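The structure under discussion appears below in the form of structure tokens.
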Amino acid sequence: MILAANFKANKTRQETQAYMAVVESFVSANDISDTVIVFPPFTALEHISRNVLIGVQNGYPVQNGAYTGEIALEQLEEFDIRTILIGHSERRHIMKESQELIAEKFRFFAEQGFIIVYCVGEPLAVRQEGEGKLMAYVEAQFEGIDLTYPDLIIAYEPVWAIGTGLTPSMEEIERVHDALRLQTTAPILYGGSVKVENAGAIMALNNVDGVLVGSAALSAHDFCEMIAEAVQLNTDKA
Ligand code: PGA
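When the letters of the sequence shown are read in order and numbered with the numbering used here, they come out as residues 2 to 239.
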């Protein structure tokens, strides 16, 4: 299983350090072999992790240069960052990132060999039009994306489920993941209002290879509980 915590614009550097200490001790004390990824804010990247991957929530697809307010490869390399989140719905919808820019970021960071967690997901209006429309919407989000890239991780996150406490039913999640599985062999995470209470059931579904968690992962204790649920499933799912 892959468990990823997306902090978004939450936590200070100090809070991130305290969080990492809890999660890293949990991972080593329990000999966790699942992949654990944390995406802190840029200001909290200075951390040499022992057993947890540290990734960035965004990056500008250039080595360096005149891009005011952006963080490029040169700055990420200084912190040994090799993992990036691309196409998150908050960047698509709030920051208005186009599929073209997203695909450009994908190409650039894939060329650099980054582990890419690539997010897709539909708004509520699209979901209400039925699963055919939903899949067509998600397929358009794969435009310009190499689904055979070896270090690709897909995250399916319905926009209406992010930060709302709402989730699709277990059957609905499974149907989308089954459909995505026909297009890629990459691990497929589910994201959108995942919490301690539902993480185990979601990870137990067919073709769900882990979870991408926002608000509920802000508590290190809760995130560790979700990791423990994944460990439990490793024996059940095998
Ligand atoms: P959420 O966010 O868990 O708060 O719904 C998930 C995400 O945006 O990755």
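Where is the CB? At the ideal position from N, CA and C, for every residue including glycine. A quick note: this is a predicted structure, and the numbers were derived from the prediction, not measured.
| request: Identify which residue in Val28, Asn7, Tyr68 has its Cα closest to the Cα of Ala45. | output: Locating residue 45 in the sequence shown gives position 44, where the first residue counts as 1. With distances taken between Cα atoms, Ala45 lies closest to Asn7.
| For Phe29, which residues from the same chain have a beta carbon less than 8 Å from its beta carbon, with the 5 sequence-adjacent residues on both sides left out? | If you number the sequence shown from 1, residue 29 lands on position 28. The identity of residue 29 in the sequence shown is Ser, whereas the question assumes Phe. The answer, listed in chain order, is Arg51, Asn52.
| query | Heavy atom of the ligand PGA less than 8 Å from the Cβ of Glu158, yes or no? | reply | Position 157 of the sequence shown, counting from 1, holds the residue named residue 158. At least one heavy atom of the ligand PGA is nearer than 8 Å to the Cβ of Glu158, so yes.
| query | If you count every other CB in all the chains shown that lies within 10 Å of the CB of Ala104, and 16 or more means buried, which is it? | reply | Position 103 of the sequence shown, counting from 1, holds the residue named residue 104. Burial call: buried.
| 6 Å Cβ shell around Val118 - same chain, five flanking residues per side excluded | Taking the first residue of the sequence shown as position 1, residue 118 is located at position 117. Closer than 6 Å at Cβ, skipping near neighbours: Leu86, Ile154, Ala156.
| field | Length of the line joining the Cα atoms of Gly56 and Ala205 | value | Reading the sequence shown from its first residue, position 55 is the one you call residue 56. Reading the sequence shown from its first residue, position 204 is the one you call residue 205. One C-alpha to the other measures close to 25 Å.
| For Phe110, the first and last residue of its enclosing beta strand (DSSP E) | Translated into the one-based positions of the sequence shown, residue 110 becomes position 109. Careful: Phe110 lies outside any beta strand (DSSP E), inside the alpha helix (DSSP H) at 100-112.
| Between Pro188 and Gly211, is the Cβ-Cβ spacing less than 9 Å? | Stepping through the sequence shown from its first residue, residue 188 is reached at position 187. Stepping through the sequence shown from its first residue, residue 211 is reached at position 210. It is a contact, given that the beta carbons lie within the stated cut-off.
| field | 8 Å contact criterion, which Arg128 and Pro159 should meet: CB distance rounded | value | Numbered from 1 along the sequence shown, position 127 holds the residue referred to as residue 128. Numbered from 1 along the sequence shown, position 158 holds the residue referred to as residue 159. About 6 Å; that satisfies the 8 Å criterion.
| task | Give a yes or no on contact between the region 58-68 and the region 98-115, applying the rule of three or more CB pairs nearer than 8 Å. | result | Verdict: yes, contact present.
| Given 8 Å, three or more beta-carbon pairs between the region 20-39 and the region 69-77 | By the Cβ criterion, the region 20-39 is not in contact with the region 69-77, since fewer than three pairs of Cβ atoms, one from each stretch, lie closer than 8 Å.
| Uninterrupted beta strand (DSSP E) stretches inside the region 10-69 (no shorter than 3 residues) | The region 10-69 contains these whole beta strand (DSSP E) runs: 36-40.
| said: Is the separation between the beta-carbon of Thr17 and that of His48 shorter than 9 Å? | reply: Mapped onto the sequence shown, residue 17 falls at position 16. Mapped onto the sequence shown, residue 48 falls at position 47. Yes, they are a contact pair.
| request: Under the assumption that Phe27 contacts Ile163 (Cβ atoms under 8 Å), give the Cβ distance between them as a whole number of angstroms. | output: Along the sequence shown, one-based indexing puts residue 27 at 26. Along the sequence shown, one-based indexing puts residue 163 at 162. At roughly 25 Å, the Cβ-Cβ gap does not stay under 8 Å, so Phe27 and Ile163 are not in contact.
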